[in-house]
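Working notes for the structure below.
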Amino acid sequence: MDENTKEKVHQLIQEKMEMTDYNPGWIKLFEKEKQFLETILPDSMINRIEHFGSTAIPHISAKPIIDILVEVNSLEEVKTNVVPLLESNGYEYLWRPSIGNKPPYYAWFIKRNSKGKRSHHIHMVEQDSILWDRIYFRDYLKEFPAEAKRYDTLKKTLTTRYAHDRVEYTKAKTAYIEKITEKAKQYYQEKTKK
978 MDENTKEKVH QLIQEKMEMT DYNPGWIKLF EKEKQFLETI LPDSMINRIE HFGSTAIPHI
1038 SAKPIIDILV EVNSLEEVKT NVVPLLESNG YEYLWRPSIG NKPPYYAWFI KRNSKGKRSH
1098 HIHMVEQDSI LWDRIYFRDY LKEFPAEAKR YDTLKKTLTT RYAHDRVEYT KAKTAYIEKI
1158 TEKAKQYYQE KTKK
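Using our numbering, read the sequence shown as starting at 978 and increasing by one per residue.
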């Protein structure tokens, strides 16, 4: 990682986190961004676009950042064709690891609002990325509101504790997310067998 990238990462992880109550308008923000991405990106590269993360789960608080997972055919093509396109439209770009500081890597874009605050995170991954497991987590919490409430409580506690440390915040909720994701995968796989 070069010095400019290291400095950018350091700045990004130090940005203050803000948790807000659920906003039904987040779905419209996702739809608007999805439509923009479908318009600007080459059709041949994109397979699906999903809203995930806490803003995709009704009635729980979230950092007001719309997380979008985009399935692409080739990350190499993303580097060549998409990065310049989105950067020219004001997005920040980083090549980041899927888990911790280890491969596999993917293309991550940050969009900011007029006040300079993050509004969207675009995660571009290939079909076999582990990040697709987050759809299981999202769907499970949507289907089981009591579990969503437990997650909401955990996030509020961690946001207070790690307001200026996104890395520690993420680490602290990872065990819970992994446990529920595994439970969700089993649940949905069993459901499809019936």
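C-beta atoms are modelled at their ideal positions from N, C-alpha and C, and glycine is treated no differently.
3-residue-minimum beta strand (DSSP E) runs that sit fully inside the segment 1020-1090, ordered along the chain
You should have 1023-1029, 1043-1049, 1069-1076 and 1079-1089.
Compare the C-alpha of aspartate 1116 against each of Tyr1164, Ser1021 and Asn1050 and name the closest.
Out of Tyr1164, Ser1021 and Asn1050, Tyr1164 has the C-alpha closest to the C-alpha of aspartate 1116.
Buried or exposed, going by whether 16 or more other CB atoms sit within 10 Å of the CB of arginine 1138?
Flag for arginine 1138 reads exposed.
The segment 1023-1031 / the segment 1008-1015 touching (three or more Cβ pairs under 8 Å)
Short answer: they touch.
Three or more C-beta pairs under 8 Å: does that hold for the segment 1034-1053 against the segment 994-1003?
Touching, yes.
I believe histidine 1097 touches tryptophan 1085 by the beta-carbon criterion, under 8 Å. Please report the beta-carbon distance rounded to the nearest angstrom.
Incorrect: roughly 11 Å between the Cβ atoms, too far for contact.
Leaving out five residues on either side along the sequence, give the residues of the same chain with a beta carbon under 7 Å from the beta carbon of phenylalanine 1114.
Excluding positions up to five away in sequence, the list reads Ile1154, Ile1157, Thr1158 and Ala1161.
If you drop the 5 nearest sequence neighbours on each side, which residues of the same chain put their C-beta closer than 6 Å to that of tryptophan 1072?
Counting only Cβ-Cβ distances below 6 Å, and skipping sequence neighbours, we find Tyr1082.
Cross-strand partners of threonine 997 (DSSP beta bridge)
Beta-bridge pairing links threonine 997 to Ala1039.
In the DSSP assignment, what are the bridge partners of lysine 1100?
The sequence given here has histidine at residue 1100, not lysine. Residue pairing by DSSP places histidine 1100 opposite Leu1046 and Trp1085 in a beta bridge.
At what residues does the alpha helix (DSSP H) containing glutamate 1015 begin and finish?
From DSSP, the alpha helix (DSSP H) with glutamate 1015 extends over 1002-1017.
Leaving out the 5 sequence neighbours to the left and right, which residues in its chain are closer than 8 Å to leucine 1014 when beta-carbon positions are compared?
Closer than 8 Å at Cβ, skipping near neighbours: Ile1023, Ile1026, Ile1045, Val1047 and Ile1099.
Candidates Thr1136, Glu1069 and Lys1132: which alpha carbon is nearest asparagine 1090's?
Of the listed residues, the one whose Cα sits closest to asparagine 1090 is Glu1069.
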